[in-house]
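In the order they appear, the protein sequences are chains F and X. Anchor point for the first sequence: position 74 equals 1084 in the working numbering, and the numbering is continuous, going up by one each time. Anchor point for the second sequence: position 2 equals 34 in the working numbering, and the numbering is continuous, going up by one each time. By construction, the Cβ of each residue, glycine as well, lies at the ideal position given by its N, Cα and C atoms. A quick note: this is a predicted structure, and the numbers were derived from the prediction, not measured.
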Amino acid sequence: MSHLTDLPTWAAVVVCGLVLLGSAIALIGSLGLLRLPDFYTRLHAPTLATSGGVILICTASIVCFAVLQSRWVFHEVLIIVFVIMTTPVTLMLLGQAALYRDRVEERRGVPMKQKPLPEQTPEETKE
Amino acid sequence: MRTWFPYPLLSVGLLLIWLLLNQSVAPGTIVMGTILSIALGWVTLKLHPVHSHPRRFLRTLRFSASVVLDVVRSNIAVALVILRVGRRAPNSGFLTVDLDLEDENALALLACIMTATPGTAWLEYDRGRKSLLFHVLDMENEEVWLQTVKRYEAGLKEMFG
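Written as C-alpha cells, this is what we have:
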C-alpha cells in the first residue's frame, strides 16, 4: 500500500472524507438492523449501506485511482449500478415473505390482504 | 434494422458495460463488445420481455436528478432515525396508494427507486386493484409520502408515455 503515499494531499483529504462518510453510513445501517424494533423497520436499515455507503465508497475509489494513475477511471460506476439494481429483488422478496407469514399468523397491525375484485365480464374490463 | 438490433438501447448499454469492464477502447474490445451485445440482444428476444419505449431523455435526466436528491435526503433522515431510536421509537407504518401505471417496466423501475431510497420499502402490488402497499420507516407526515410516490409515478408516466 506504499504507493498510496503518492497521493497529493488534497486528494487524500477528499478520499479519506468519502471513505469515512461512506463507512459511517454503512455502520449506521448495520446498527439499524440491531436496534430497530420489528422486521419491517429493519427492512429499511440495509438500504443505507447499499445506497449511500456504496455510492460514497465507490466515488472515493474512483477519485483515488483516477489521481494515482492520472487517467479517468469509471468502472466502479458499474458496482453502484449493479448493487442498486439487485438489492430491491432481495428486499422485496423478504418483505413479501414477512407479510405472508404475518397474515397467516394473523398478527395485529399487519394490513390484511384485500379481497379480490368481483369477477368482471370481459366486456367490462375492455371498456 | 429491427431484425438485426431487436433492442438497440439494451445493446448499446451492454457494449458500454463491456468497455467499462475492460477499461479500454481498443478496436479489439469494441469489436468483441459489439458482437456480444448484438448476440445478447437476440437472446433477450427469445425471453419475450415486455416492450416499452422510454422517451424524452431530457426529462429522464431531470427525473434521475430528483431521485438522487431524494436518496441523499432519505439517507440522512433514516440515519437520524436509527441513531435516535433509543430515545424515540420510530412511528413506522403501512401505506396504500393507488397507482395508475400500465407499463410493467415502469412499475419495475418504481419498485427499484422506492427500495433504493431508504425509508420506503415496497411490499405488495395488487394487479387487480392497481394498489400498492408499502412500508414507511418514519411516518411523520403521511401526505408527504403519498405525494412522493405520486411524483415518481407522474415522472415515470412521462418517460414511458
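| query | result |
| --- | --- |
| Chain X contact residues for M1102 (chain F), given Cβ-Cβ distances below 7 Å | A143, T147, W154 |
| Within the segment 111-148 of chain X, ranges of the alpha helix (DSSP H) (whole runs, at least 4 residues) | 136-148 |
| Simplified DSSP assignment, three categories, for V82 (chain X) | coil |
| Within chain X, partners of F1084 (chain F) - CB distance below 7 Å | L52 |
| Test: V1077 (chain F) CB closer than 9 Å to a CB of chain X | no |
| When F:A1055, F:L1017, F:V1029, F:I1094 are compared against I114 (chain X), the one with the closest alpha-carbon | F:A1055 |
| DSSP state of P1132 (chain F) mapped onto helix, strand, coil | Low per-residue confidence applies at P1132 (chain F): pLDDT is 49, beneath 50, and the placement is therefore not dependable, though the value from the model is reported in the following sentence. Helix. |
| Range of the contiguous beta strand (DSSP E) that encloses D170 (chain X) | Note, D170 (chain X): premise wrong, no beta strand (DSSP E); not H, not E. |
| C-beta atoms of L72 (chain X) and L46 (chain X) nearer than 9 Å | yes |
| Per DSSP, the bridge partner or partners of T152 (chain X) | X:V168 |
| Neighbour-count burial assignment, C1026 (chain F), 16 or more Cβ in a 10 Å radius | exposed |
| Residue-chain proximity (L1058 (chain F), chain X), Cβ-Cβ < 9 Å | yes |
| Span of the alpha helix (DSSP H), counted from its first residue to its last, around A1106 (chain F) | Looking at the sequence itself, residue 1106 (chain F) is Gln, so the reference to Ala does not match. Where Q1106 (chain F) is concerned, the enclosing alpha helix (DSSP H) stretches over 1086-1114. |
| Proximal residues of chain C, C-beta to C-beta of G1062 (chain F) below 7 Å | Absent from the structure: chain C. Protein chains present are F and X. |
| CB of G1039 (chain F) within 9 Å of CB of A1059 (chain F), strictly | yes |
| Where P163 (chain X) falls: helix, strand or coil (DSSP) | Position check: residue 163 (chain X) holds Ser in this sequence, whereas Pro was assumed. S163 (chain X): strand per DSSP, three-state reduction. |
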